[in-house]
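Just add 62 to wherever you are in the sequence shown, counting from 1, and you've got our numbering. Ideal placement from N, C-alpha and C gives every residue a C-beta, glycine not left out.
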Amino acid sequence: MRNLLITSLLAVSVLPAQYKAIHPQVSKIAGEVSEERIAAILKKLESFGTRHTSSSQDDPVRGIGAARKWIHAELQSYSPRLQVSYDSHRIKKQARIPADTDLHNVVAVLPGKYPDQVVISGHYDTLAFPPRRPGEAPAGGGLDGGPRPPLDPNADAPGVVDDASGVACVMELARIMSAYEWDKTLVFIAFAGEENGLLGSTLYAEKARKAGALIEAVLNNDIIGSDTAGNGRIENYRLNVFSEDPSDSASRQLARYIKDIGERYVPALKIDLIFRADRFGRGGDHTPFNQHGYAGVRFSTPSENFSNQHTLTDTFANASVPYTARVIRVNAAVAASLALAPKAPVVWEEVEREGRKTSNLMLGRGKSRYDAHLRWKAGVESDIAGYMVVARSTTAPFWERETYAGNVTEFLLPGVSIDELVFGVKAVDRDGNESLVTAYVPRPRARAKVDTQSDQ
Ligand SMILES: [Zn+2]
């Protein structure tokens with residue numbers, strides 16, 4: 063009798079007690095982010111004078127060549143487990159590249175148990191326009207840019223906030239995380255050619271897609287080093303995270319995850335999700351990944367100083383190390399949580415319909431035709447405790463309800479209309495680590511073509 067009771071208790075799948083709790087390893091990682099190290103990285107990158115993509119490749123102390131060699135060597139020094147390499151391309155002369163040039167992204171891979179990747183990125187190239195003459199339009203391009211003066215790629219372009227701060231995030235996380243074991247593979251990338259039209263990230267994302275790389279998330283950091291805007295607005299306890307439409311894209315699910323995890327581990331920082339691909343009229347290195355169907359977001363300060371943007375005053379003196387450190391701690395907590403968690407559930411299946419193979423969203427109305435019947439594929443990880451079904455109204459920005467389904471691959475919500483809500487599902491492992499949510503999003507209806515007499 064006693065044995066029977068225990069067996070039946072064990073058969074009930076219970077949500078792990080650590081769910082939504084602080085995971086000690088994640089907390090430790092976030093705590094290891096060092097302001098001293100960040101300051102040293104920012105100052106060192108500034109010391110190369112310029113890191114313009116077309117600046118010197120061979121000068122030992124000045125230009126992009128010296129900078130990339132230093133980043134490569136630093137990454138290599140952190141751990142023998144980091145596989146450091148250049149992702150190299152020959153770029154033809156074009157609008158923002160005055161002559162054919164070599165472009166090298168610096169990539170460090172920390173292999174995990176699974177091939178699924180979490181990418182942390184920033185760009186190490188810089189851009190600075192010469193100081194404007196009185197009466198000239200402000201430098202910087204974009205919405206406020208006037209005619210640009212000719213640019214000498216070997217002139218000074220310190221680029222500390224844009225984007226040595228993002229590179230500091232890449233390097234600091236590579237250093238800290240390479241001392242631990244992870245389920246997923248971590249990829250740390252310092253991109254080149256961002257300022258010349260997202261060249262490095264575009265080529266990298268295209269190659270990754272062709273190779274079938276399983277990139278689960280791209281955490282792109284660009285302009286995370288400033289806490290005081292040009293109008294005096296100081297926002298040193300807020301962070302913007304940009305994600306791509308539509309509202310249930312993989313990018314948006316990643317953004318929701320970042321807010322949840324980031325504010326849990328770095329409660330001092332309020333994370334504002336901006337439901338927009340990037341700053342107004344601007345782009346970043348997460349964009350090419352989204353274009354290839356990967357989930358990418360951009361971390362950026364809400365207090366950008368436009369007078370320092372792409373100018374000689376984007377210096378260490380105008381950067382905030384404590385603010386940069388807070389943003390890097392958010393990255394650390396998110397990357398660590400994702401790297402420990404199961405992968406997001408799959409909610410599409412291949413079926414045969416009228417003799418043709420087609421894919422089917424695993425959401426229906428159940429036998430009654432008035433219920434919500436959700437199905438998903440079982441994850442491959444052996445430590446999955448179960449699955450959490452989430453829902454929200456179609457107009458709500460965040461998930462509103464969670465129901466623990468247990469270790470099953472289908473769930474019925476009786477009397478719930480699938481027309482009125484958005485549904486999603488995530489996997490939870492025995493340590494309480496949660497995966498990204500996969501939302502049940504139908505494909506948009508294809509444009510119809512109706513044959514009429516006039517076609518004949
Ligand atoms: Zn930038």
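Rounded to the nearest angstrom, how far is the Cβ of residue i from that of residue j, given a contact under 8 Å?
i           : j           : result
residue 405 : residue 441 : 6 Å
residue 276 : residue 177 : 5 Å
residue 362 : residue 284 : 6 Å
residue 496 : residue 81  : 7 Å
residue 397 : residue 357 : Actually they are not in contact, since the Cβ atoms of residue 397 and residue 357 sit about 13 Å apart, beyond 8 Å.
residue 307 : residue 337 : 7 Å
residue 216 : residue 127 : No, residue 216 and residue 127 are not in contact; Cβ-Cβ is about 12 Å, not under 8 Å.
residue 388 : residue 258 : Not quite, the Cβ-Cβ distance comes to about 30 Å (not below 8 Å), so this is no contact.
Note the first and the last residue of the continuous alpha helix (DSSP H) segment covering residue i.
i           : result
residue 90  : 86 to 93
residue 270 : 261 to 272
residue 175 : First-last for residue 175: undefined, no H or E at that position.
residue 234 : 227 to 239
residue 105 : 97 to 108
Measure the CB-CB distance between residue i and residue j and report whether it falls below 8 Å.
i           : j           : result
residue 471 : residue 439 : yes
residue 488 : residue 384 : no
residue 182 : residue 393 : yes
residue 268 : residue 185 : no
residue 253 : residue 167 : yes
residue 544 : residue 77  : The displayed coordinates of the chain run from 63 to 518. Any statement about residue 544 would go beyond what the structure contains.
residue 103 : residue 229 : yes
residue 476 : residue 445 : no
residue 169 : residue 149 : yes
residue 355 : residue 247 : no
residue 327 : residue 395 : yes
residue 220 : residue 297 : no
residue 498 : residue 180 : no
residue 359 : residue 348 : yes
residue 409 : residue 502 : yes
residue 425 : residue 453 : no
Indicate the three-state DSSP secondary structure (helix, strand or coil) for residue i in the structure shown.
i           : result
residue 328 : coil
residue 351 : helix
residue 203 : Because residue 203 sits at a pLDDT of 47, beneath the cut-off of 50, its placement in the model cannot be relied upon, and the following sentence gives the value as read from the coordinates. Residue state, collapsed to three classes: coil.
residue 490 : strand
residue 126 : helix
residue 65  : Residue confidence for residue 65 is low, a pLDDT of 47 falling below 50, so the modelled location carries little weight; the figure read from the coordinates is stated next. Helix at residue 65.
residue 278 : strand
residue 462 : coil
residue 75  : coil
residue 181 : strand
residue 499 : coil
residue 70  : With a pLDDT of 41 at residue 70, under the threshold of 50, the predicted position of this residue should be treated as unreliable, and no value is reported.
residue 167 : strand
residue 214 : coil
Grab the span of the beta strand (DSSP E) containing residue i for me, first residue to last.
i           : result
residue 189 : No beta strand (DSSP E) contains residue 189, which DSSP labels as neither H nor E.
residue 380 : Per DSSP, residue 380 belongs to no beta strand (DSSP E) and is neither H nor E.
residue 305 : 300 to 305
residue 419 : 418 to 423
residue 410 : 410 to 415
residue 26  : Outside the displayed range of the chain (63 to 518) lies residue 26, so it cannot be described from this structure.
residue 114 : Neither: residue 114 is in no beta strand (DSSP E) and is coded neither H nor E.
So, do the region 288 to 304 and the region 332 to 345 have three or more beta carbon pairs nearer to each other than 8 Å? In short, these stretches touch, since the Cβ pair count reaches three.
Should the region 91 to 101 be called in touch with the region 132 to 143, which here means at least 3 C-beta pairs below 8 Å? Not touching, per the Cβ criterion.
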